[in-house]
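Protein chains in written order, with the working numbering: chain A, 32 to 438; chain B, 32 to 438. Glycine included, C-beta positions come from ideal geometry on N, C-alpha and C. None of these values were measured; they are calculated from a predicted model. One structure is given here, and the rest of the page talks about it.
2 protein chains.
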Amino acid sequence: MQEIIRELLEPNDTKIVLCVLDGLGGLPLDGKTELEAASTPNLDELSRRGACGLHMPVARGITPGSGPSHLGLFGYDPFRYEIGRGVLEALGLGIELSPSEVAIRGNFATLKYKGAKPIIADRRGGRIATEENKRIAGRIREKIRSIDGVKVSITSGMEHRFALVFTFPEPLPSGADDITDTDPQKEGKAPLKPTPRRKEAERVAHIAERFIEIATEIIKDEKAANYLLLRGFSVYPNLPQFSQAYGLKAATTAAYPMYRGVAKLLGMDVLEVQDASTRSGVETLKRHFKEYDFFYFHVKKTDSYGEDGNYWGKVKVIEEFDSFVPEILNLKPDVLVVTGDHSTPAVLKSHSWHPVPFLLHSPYTRGGGSLGFSEKECLKGELGIFRATDAMPLILSHAKRLQKFGA
Amino acid sequence: MQEIIRELLEPNDTKIVLCVLDGLGGLPLDGKTELEAASTPNLDELSRRGACGLHMPVARGITPGSGPSHLGLFGYDPFRYEIGRGVLEALGLGIELSPSEVAIRGNFATLKYKGAKPIIADRRGGRIATEENKRIAGRIREKIRSIDGVKVSITSGMEHRFALVFTFPEPLPSGADDITDTDPQKEGKAPLKPTPRRKEAERVAHIAERFIEIATEIIKDEKAANYLLLRGFSVYPNLPQFSQAYGLKAATTAAYPMYRGVAKLLGMDVLEVQDASTRSGVETLKRHFKEYDFFYFHVKKTDSYGEDGNYWGKVKVIEEFDSFVPEILNLKPDVLVVTGDHSTPAVLKSHSWHPVPFLLHSPYTRGGGSLGFSEKECLKGELGIFRATDAMPLILSHAKRLQKFGA
Chain A
32 MQEIIRELLE PNDTKIVLCV LDGLGGLPLD GKTELEAAST PNLDELSRRG
82 ACGLHMPVAR GITPGSGPSH LGLFGYDPFR YEIGRGVLEA LGLGIELSPS
132 EVAIRGNFAT LKYKGAKPII ADRRGGRIAT EENKRIAGRI REKIRSIDGV
182 KVSITSGMEH RFALVFTFPE PLPSGADDIT DTDPQKEGKA PLKPTPRRKE
232 AERVAHIAER FIEIATEIIK DEKAANYLLL RGFSVYPNLP QFSQAYGLKA
282 ATTAAYPMYR GVAKLLGMDV LEVQDASTRS GVETLKRHFK EYDFFYFHVK
332 KTDSYGEDGN YWGKVKVIEE FDSFVPEILN LKPDVLVVTG DHSTPAVLKS
382 HSWHPVPFLL HSPYTRGGGS LGFSEKECLK GELGIFRATD AMPLILSHAK
432 RLQKFGA
Chain B
32 MQEIIRELLE PNDTKIVLCV LDGLGGLPLD GKTELEAAST PNLDELSRRG
82 ACGLHMPVAR GITPGSGPSH LGLFGYDPFR YEIGRGVLEA LGLGIELSPS
132 EVAIRGNFAT LKYKGAKPII ADRRGGRIAT EENKRIAGRI REKIRSIDGV
182 KVSITSGMEH RFALVFTFPE PLPSGADDIT DTDPQKEGKA PLKPTPRRKE
232 AERVAHIAER FIEIATEIIK DEKAANYLLL RGFSVYPNLP QFSQAYGLKA
282 ATTAAYPMYR GVAKLLGMDV LEVQDASTRS GVETLKRHFK EYDFFYFHVK
332 KTDSYGEDGN YWGKVKVIEE FDSFVPEILN LKPDVLVVTG DHSTPAVLKS
382 HSWHPVPFLL HSPYTRGGGS LGFSEKECLK GELGIFRATD AMPLILSHAK
432 RLQKFGA
């Protein structure tokens with residue numbers, strides 16, 4: 032589909048704002064979803080005039096992670112393109128990556144001996160405090176700068192988590208990250224060796240093995256976190272750039288590192304924002320509105336509260352976003368879309384498979400189907416239920432940026 | 032899908048009428064689409080009893096040309112099958128083609144010299160009058176009958192447009208039309224040479240190059256139209272025939288050459304019609320009703336008025352069609368479908384990407400969802416939003432012409 036779209040692109044100076052309220056879709060608590068409970072007069076009004084529907088981030092019944100759900104919404108088939116878990120973890124910690132780097136998710140863990148056999152007693156190193164993590168990672172960082180000419184850097188995350196990046200002197204061949212996890216997944220089992228699944232991955236696997244040997248020697252005297260497990264070996268993904276794929280000069284107002292990182296992977300400009308508030312995102316949008324064709328506006332807290340099971344917290348974030356809709360409309364975008372990347376119902380405290388409300392505002396919609404902005408009302412809208420990868424073609428056509436297909 | 036359908040075909044003597052109101056789908060003007068503004072008591076009544084939905088001619092967000100949109104509705108995947116631009120142009124001028132012919136779209140143009148360099152000063156030859164076009168094309172026709180044993184015929188279109196057909200003594204190999212356009216697309220640039228993109232196209236490209244040399248020598252003294260540009264080289268497409276694909280003896284009442292041409296490409300019989308009026312189409316339908324299983328009934332003016340931005344003109348054509356519905360029903364077709372090939376909203380003055388209302392009348396529908404025949408009401412119907420290529424399976428099943436799949 033992206034190839035067909037590319038053939039049909041027609042440049043113009045229309046402006047597009049795509050607002051992603053992370054984890055927007057919900058489930059009822061006492062009969063109402065978060066979106067139904069929220070008072071959203073501005074979004075309701077837009078829904079009555081605009082084109083509404085629901086998108087499936089990946090496929091019916093599939094709960095997406097943040098990587099696939101964002102890729103899908105941006106028109107990159109999540110079955111074809113992938114952002115590796117190590118890369119996502121690194122992006123989330125604000126690490127910038129290049130094509131000669133391998134990123135890996137790490138856990139501090141507790142190793143014990145059962146007779147002579149080493150076993151993992153706790154895969155999460157007793158869920159050590161983040162401060163403890165920083166201290167222990169610091170010990171490793173101090174001693175390991177590089178291994179066999181490959182730069183090594185470890186960055187602490189929350190609790191027992193960290194990101195590990197190997198920087199090679201040369202770009203890596205395709206398949207260099209095809210390496211098995213060392214996490215045995217069950218406590219009481221021996222840690223595994225990082226094993227290359229093909230020839231191209233041998234060099235990276237060797238560095239990883241050496242890293243585990245040296246690092247665990249350094250931290251062997253730690254009580255809880257005397258070992259480490261590595262997962263999700265991955266290289267910088269080779270994604271078609273947004274500007275090439277859609278002819279759009281794009282930027283994001285996202286504040287959280289992971290979303291800024293995903294935007295960067297697609298070649299979007301990452302704008303400075305004061306903080307993660309919606310107010311701050313809107314200010315940034317206003318400041319740069321003239322400079323770009325496409326804005327990816329991201330609200331994180333809808334998802335965070337969903338994950339926490341904080342139903343009313345999520346309702347409040349939706350209501351706050353609604354209050355900024357008039358300011359966004361004042362900029363007169365040609366196409367304004369409000370949707371989520373996936374559903375995160377507070378009652379589930381996790382991402383879910385449920386389709387996500389989608390509202391498209393433009394002069395070229397039929398409107399009149401939906402009476403407000405909610406899961407149920409979007410179902411009555413003119414767009415129906417569609418795959419997230421159809422969102423960009425819809426957005427581009429409403430922005431009059433696509434020529435007709437065939438004569 | 033067509034292969035699966037073919038396996039399931041079950042002959043019977045049911046009759047199907049597919050009415051295509053070209054460009055039927057619309058957008059609101061003062062709150063109502065053309066279809067909503069039109070008074071259509073007969074179609075409304077059918078909608079309440081029948082199966083309604085909306086079809087996407089090609090894919091979500093994609094605006095189709097007439098070729099892909101008709102192919103889709105007839106069940107031929109527009110991403111797989113293509114009617115070339117030259118072939119469509121020739122069909123539109125009433126030219127019949129065979130597999131040993133190449134059809135090309137031509138423009139008369141104005142060539143000037145910038146120093147020694149020839150440049151295209153006007154890609155449309157000053158938009159000369161159709162009469163002028165005929166005179167100039169006549170000059171070429173008189174002098175060029177054939178080139179290297181290949182018959183050459185030029186046929187004037189409107190204003191600066193013409194169709195050029197090369198008739199080879201032998202059927203052409205696949206890929207023989209894979210030749211670049213000579214139109215530089217921008218004025219002030221030099222015209223391009225027709226260049227074969229592969230070996231099989233060399234012979235046709237050579238004839239085209241010779242044609243340009245000889246023809247421009249003939250018309251070099253013309254003021255505005257002293258040059259010509261060639262685009263859309265294409266051979267007769269190899270489409271599965273309708274009778275083979277669906278076991279249907281099919282005919283069309285279409286009056287406009289392009290639609291008669293498309294029907295012919297699919298192996299339908301092209302019936303004589305007195306003129307392009309709906310009345311005349313209905314008379315033809317009545318006259319031949321006993322002879323065929325399937326009728327493709329085409330109304331052109333909905334699209335023409337849409338393209339002109341004539342909202343009320345389009346409304347009137349819809350109302351006129353509605354008034355003939357009782358006469359069509361009197362013929363007792365087993366399946367009657369009323370739809371469009373794509374949307375042509377008068378407010379856009381062009382084809383658009385919006386889904387197209389679809390109404391299927393048969394004894395075997397659930398009904399009861401839609402309160403009338405419009406974009407909004409069709410959304411409530413039992414068929415939902417579906418790809419146009421699903422229309423033929425739906426039509427065949429309601430005509431009881433498909434066996435069950437599997438045991």
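For the segment 160-179 of chain B and the segment 106-119 of chain B, state whether three or more C-beta atom pairs, one from each stretch, are separated by less than 8 Å.
no
Counting C-beta neighbours from all protein chains within 10 Å, is the total for B:TRP384 16 or more, i.e. buried, or is it exposed?
buried
For B:ILE75, which three-state DSSP category applies?
The amino acid occupying residue 75 of chain B in the given sequence is Asp; Ile does not appear at that position. Helix.
How about B:VAL133: is its C-beta nearer than 8 Å to some C-beta of chain A?
no
In chain A, what lies closer than 9 Å to B:SER97 by C-beta?
GLY437, ALA438
What number of angstroms, rounded off, separates the C-alpha of A:LYS182 from the C-alpha of A:PHE242?
11 Å
Considering only C-alpha positions, which residue in the set A:LYS321, A:ALA419, A:ILE210 is nearest to A:GLY84?
A:ALA419
Contacts that B:VAL30 makes with chain A (C-beta to C-beta distance below 7 Å)
With chain B running from 32 to 438 in the structure shown, residue 30 of chain B is simply not present.
Given a limit of 9 Å on CB to CB distance, which residues of the segment 394-415 of chain B reach chain A?
GLU406, LYS407, LEU410, LYS411, GLY415
Leaving out the 5 sequence neighbours to the left and right, which residues in its chain are closer than 8 Å to A:PRO424 when beta-carbon positions are compared?
MET32, ILE36, GLY106, LEU433
Residues of the segment 57-83 of chain B with Cβ closer than 7 Å to any Cβ of chain A, in chain order:
LEU58, PRO59, THR64
Given 8 Å as the limit, is there contact between the segment 338-345 of chain A and the segment 316-328 of chain A, that is, 3 or more CB pairs closer than that?
no
Output yes or no for whether 8 Å exceeds the beta carbon distance between A:GLN284 and A:LEU302.
As written in the sequence, residue 284 of chain A is Thr, which differs from the Gln given in the question. Against a cut-off of 8 Å, the Cβ pair of A:LEU302 and A:THR284 comes out as a contact.
Ignoring anything shorter than 4 residues or poking outside the segment 346-428 of chain B, list the alpha helix (DSSP H) runs there in chain order.
406-409
CB contact below 8 Å: B:GLU190 versus chain A:
no
Spatial neighbours of A:ASP334 within its chain, please: CB distance less than 7 Å, with the 5 preceding and 5 following residues excluded, ordered by chain position.
ASP53, GLY54, THR375
Could you check whether A:VAL196 and A:ALA121 sit closer than 8 Å to each other, using their CB atoms as the reference points?
yes
What does A:LEU85 pair with, by DSSP beta-bridge criteria?
A:PRO388, A:ILE416
What is the DSSP secondary structure of B:ASP153, reduced to helix, strand or coil?
strand
Taking the straight line between their C-alpha atoms, what separation do you get for B:LEU261 and A:ARG111?
39 Å
Return the first residue and the last residue of the alpha helix (DSSP H) that A:GLU314 is part of.
309-319
Where A:PRO424 meets chain B, residues with beta-carbon distance less than 9 Å
ALA90, ARG91, GLY92, ILE93, TRP384
Given a cut-off of 8 Å, decide if B:HIS373 and B:GLY115 are closer than it, judged by their beta-carbon atoms.
no
For A:LYS230, count neighbouring Cβ atoms within 10 angstroms of its own Cβ and tell me buried if that reaches 16, exposed if not.
exposed
Residue range of the beta strand (DSSP E) that includes A:GLY137:
132-145
Helix, strand or coil for A:ASP339, going by three-state DSSP, please let me know.
helix
Would you call the segment 403-413 of chain A and the segment 69-80 of chain B touching, i.e. three or more CB-CB distances under 8 Å?
no
According to the Cβ coordinates, are A:ASP208 and A:ALA232 closer than 8 Å?
yes
What does A:PRO102 touch in chain B if you count any residue whose Cβ is under 7 Å from its own?
Checking the sequence, you will find Leu at residue 102 of chain A rather than Pro. In chain order: nothing, as chain B lies at least about 18 Å away.
Sort B:PRO268, B:GLU201, B:TYR336, B:CYS409 by Cα distance to B:LYS380 and report the nearest one.
B:TYR336
So, using beta-carbon positions, are A:ILE159 and A:PRO222 closer together than 8 Å?
no
By a C-beta neighbour count over all protein chains shown, 10 Å radius and 16 as the cutoff for buried, is B:TYR29 buried or exposed?
Past the edges of chain B, shown from 32 to 438, lies residue 29 of chain B, and the structure says nothing about it.
From A:GLY123, A:PRO386, A:TYR267, pick the residue whose C-alpha is nearest to that of A:ARG91; which is it?
A:PRO386
In the structure shown, what three-state DSSP assignment does A:GLY263 receive?
strand
Cβ of B:PRO109 less than 8 Å from any chain A Cβ?
yes
Given B:ALA430 as reference, the closest of B:ILE126, B:GLY278, B:ASP252, B:GLY312 once Cα atoms are compared:
B:GLY278
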